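Note that my numbering gives residue 114 to position 44 of the sequence shown, counting from 1, and the numbers run on in steps of one.
Quick reminder that beta carbons are idealized off the backbone N, C-alpha and C, glycines included.
Here the structure is a predicted model, which means the values were calculated and not measured.
Working notes, beginning with the structure itself.
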Amino acid sequence: TNRGAAYANLNLHERAIEDYDKALELNPKYAMAYHNRGGAYANLKQYERAIEDYNKAIELNPNYAKAYGNRGIAYSEIGKYEESVRDMKKSGILFFYSGREDNAVKVFSICFKLREEIESDDVIYCGIALFLLTLNPEVILALRKMKAQDETLRKIFDLALVKLRGKDISNRIAMLEEKEKTGEKKILLELLKRL
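Next comes the structure, spelled out in structure tokens:
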């Protein structure tokens, strides 16, 4: 797969695909080869084939953050925005929990830009995570125009605004943490405590 990656870096995507095919013949459970071949297909604008390869990479490695993010981008290219933001949110969460916050910021940012195509709680989640990671005031302005259906998301956003005004919100965070002991909103509460 190293040669395949070298071909991809030279924009020789068809040759890269041939190398990934050979690698997968030798080891059909090689998640990275599926992911990289998916990237080559995406660069050739063959998004459906890219998605198939990202699916296989994720099937082999369910915590493959990069595969979720790239599948999300491929979905957005073919207008499947709901699937796109779901994957980007998952990718951002996986990157965050693996200590790769820079990657999480990138993915949450791409996801939040899709608010022009779809307004959903997943997009709002990505926006709140992006704001809590970057403190970018433009994100707050955009979030104020959106309406989360999920009550906990609304509370977390409101608490972030209160905290920015210098108020103590530790009791309210503790109450939300009691309610959200596991799950994806836990990351937002962790970030909120950092403010």
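{"Query": "Status (buried if at least 16 other CB within 10 Å, exposed otherwise) for Ser168", "Result": "exposed"}
{"Query": "Close Cβ partners of Ala127 (< 6 Å) along its chain, the five nearest in sequence each way excluded", "Result": "Ala101, Tyr104, His105, Tyr134, Ala137"}
{"Query": "Between the CA atoms of Leu213 and Cys196 - distance to the nearest angstrom", "Result": "10 Å"}
{"Query": "Sufficient close CB pairs (3 or more, under 8 Å) joining the stretch 137-148 to the stretch 232-240", "Result": "no"}
{"Query": "Beta-carbon proximity of Ile194 to Asp220, cut-off 9 Å", "Result": "yes"}
{"Query": "Val209 beta carbon less than 9 Å from that of Cys181", "Result": "no"}
{"Query": "N- and C-terminal bounds of the alpha helix (DSSP H) containing Ser154", "Result": "151-167"}
{"Query": "Residue of Leu265, Gln116, Pro98 minimising C-alpha distance to Thr204", "Result": "Leu265"}
{"Query": "Residues of its chain near Asp191, where Cβ-Cβ distance is below 8 Å and the 5 sequence neighbours each way are ignored", "Result": "Ala218, Gln219, Asp220, Leu223"}
{"Query": "Rounded separation between Leu20 and Leu211 - CA only", "Result": "With the chain running from 71 to 265 in the structure shown, residue 20 is simply not present."}
{"Query": "Nearest-angstrom Cα separation, counted from Leu246 out to Gln116", "Result": "43 Å"}
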